[in-house]
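Protein chains in written order, with the numbering used here: chain D, 9 to 277; chain R, 266 to 555.
Below: one structure, written as structure tokens.
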């Protein structure tokens, strides 16, 4: 592990710890309104000031980070499992199954990711409780984000199907199901891990895009996307630089993931 | 020549099938979306029961996705793309009015992105200075980590054109590939030998590097069109540009089935055409080398 990767690990660990400890660091919570201090600048009471509804921005950043950082991996897990199921199985079975799976994958890949995501999310219910909006947003990311990983896994599984040890196992009369779960799946693990880690920053950024467009997590629950929506009403960067803290945090976290993933990407390629 | 014809025929076939399936997928998504069958006009107290029933009957044929899609295809053959439910205008007129802005935005955005990409990637490969390489990689990495919608917002804030936002969204993706390709090409033994023998940089570039990297760069160029089309939605929606990206955004929010199906077909067509063209041109370049 290089020095940069170690630094990225430390940053991610610190941000994760901070977000997990949000209940202790900001006990008032993300929804409490300080009506006497709306849109206030940073102070001793509110380290990052308050938003236009008088909610403490520091608390909202901590809770928003927790939601984005915990649910992006959950969505990545869902998409990786779907990719393993569709791509891995299709590659292993080969023939018509592989062709069908790749046709579906090509169909999804022919639509730009942002177009597909925004369209699909806009078609989902928008007037729902904050908790359901969180679930819908991240479920959608997981359900739509499997295609690239499925393609990689299909190719890997197809190459495993033709390998000597699989042919020997087939010749020895090993049942197809056992062969897949015991011998093929363990060999797909490195690619699965790589695809899982690669998906996390992609989903964090996608959620942020949805949030800014008003299609992400519903108010009052914060996420990086909904926090960045505040930039829409920005008057001047010099006058209110603290409004950029969520963006800076997002860039730092995604950059840390990218630094950590440089090896994983090589493995997945 | 024969293989090229087969390649083009294969691409055309795949393109038609994917475009048709893309439209069907979009129609199915809209049909299954909650609140699909609601119409605000039904709440108008001035409307009689017969008028409300007439509105419901008008939407009735859209209930069956396959029937809707089949009749849509039949009408599309004659040039009738239907009428937008939300905007009350013919889809054809809407697309015709908004297409020039989006096309201009995409063309300028992509040109800027590729200008920046090739300038920086070629400089990185030529100069082989670790400081320059680190700086450009860090710059592209930073843009890669900023959400597309934030770049759109910043372009509004700084009064920068939307095309610049598209360029900055596409650039980090293309730069990574182009830089790696060019660095790899320049580290080939025959190029190192050519340099050692004093061959001019321009000759090395046009005779030994460009032919090697062109097919792969063309493939990246095809993919970059898809990225730019995707980026056009947040850019147009947030910058208030009345293009097809903004129209797609409005259509999705209003669950406007005819409009959304047409835009999906159009987007799929554009991205597939870009990818297929890149593939066919790459094939021609490779065959000329042989």
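All C-beta atoms, glycine included, are put in the ideal place defined by N, C-alpha and C.
Within chain D, the C-beta atoms nearer than 8 Å to that of residue 499 (chain R) come from 122, 126, 217, 220 and 221, in chain order. For residue 147 (chain D), the enclosing alpha helix (DSSP H) begins and ends at 138-152. Your pair residue 533 (chain R) and residue 485 (chain R) does not check out as a contact, with CB atoms roughly 20 Å apart and the cut at 8 Å. Contact fails between the stretch 176-194 of chain D and the stretch 211-228 of chain D, because fewer than three Cβ pairs, one in each stretch, are under 8 Å apart.
Chain-order list of chain D residues neighbouring residue 391 (chain R): empty, with the shortest C-beta distance near 24 Å, by a criterion of under 7 Å.
Scanning chain D for C-beta atoms nearer than 9 Å to the C-beta of residue 514 (chain R) yields 126, 127, 130 and 221, reported in chain order. Within the stretch 239-271 of chain D, contact with chain R at the beta-carbon level (separation under 7 Å) is assigned to 239, 240, 242, 255, 259, 262, 263 and 266. The beta-carbon separation of residue 545 (chain R) and residue 273 (chain R), rounded to 6 Å, stays under the 8 Å limit for a contact. Residue 59 (chain D) sits buried, since 16 or more C-beta atoms from the chains shown fall within 10 Å of its C-beta. Distance from the CA atom of residue 48 (chain D) to the CA atom of residue 267 (chain D), rounded to whole angstroms, is 36 Å. Boundaries for residue 473 (chain R): no alpha helix (DSSP H) harbours it, and the DSSP string shows neither H nor E there. Beta-bridge partners of residue 348 (chain R) (DSSP): R:355. Residue 514 (chain R) is positioned such that its CB atom lies no closer than 8 Å to that of residue 496 (chain R).
By DSSP's assignment, residue 58 (chain D) forms a beta bridge with D:64. Rounded to whole angstroms, the Cβ separation of residue 357 (chain R) and residue 346 (chain R) is 5 Å, and the two are in contact under 8 Å. Chain-order list of chain D residues neighbouring residue 410 (chain R): 259, 262, 263 and 266, by C-beta distance under 7 Å. Interface annotation, residue 236 (chain D): in contact with chain R, CB-CB separation under 8 Å. Apart from the 5 residues on each side of it in sequence, residue 55 (chain D) sits with its Cβ closer than 7 Å to the Cβ of 66 in its chain, given in chain order. The alpha-carbon of residue 57 (chain D) is positioned some 56 Å away from that of residue 315 (chain R). C-alpha of residue 465 (chain R) to C-alpha of residue 473 (chain R): approximately 11 Å in a straight line. Annotated as proximal: residue 265 (chain D) and residue 209 (chain D), with beta-carbon spacing under 8 Å. Around the CB of residue 394 (chain R), fewer than 16 other CB atoms lie within 10 Å, so the residue is classed as exposed. Excluding five sequence positions before and after residue 71 (chain D), the CB atoms of its chain that fall closer than 7 Å to its own CB belong to 30, 38 and 230, given in chain order. Annotation: Cβ neighbours of residue 114 (chain D) in chain R (cutoff 8 Å, chain order): 279 and 283. Chain D places no beta carbon closer than 8 Å to that of residue 542 (chain R), leaving this residue out of the contacts.
Contact annotation for residue 299 (chain R) against chain D: 131, 132 and 133 [CB-CB distance below 9 Å, chain order]. Think of a sphere of 7 Å around the beta carbon of residue 495 (chain R): the chain D residues whose beta carbon falls inside it are 120, 121, 122 and 123, in chain order.
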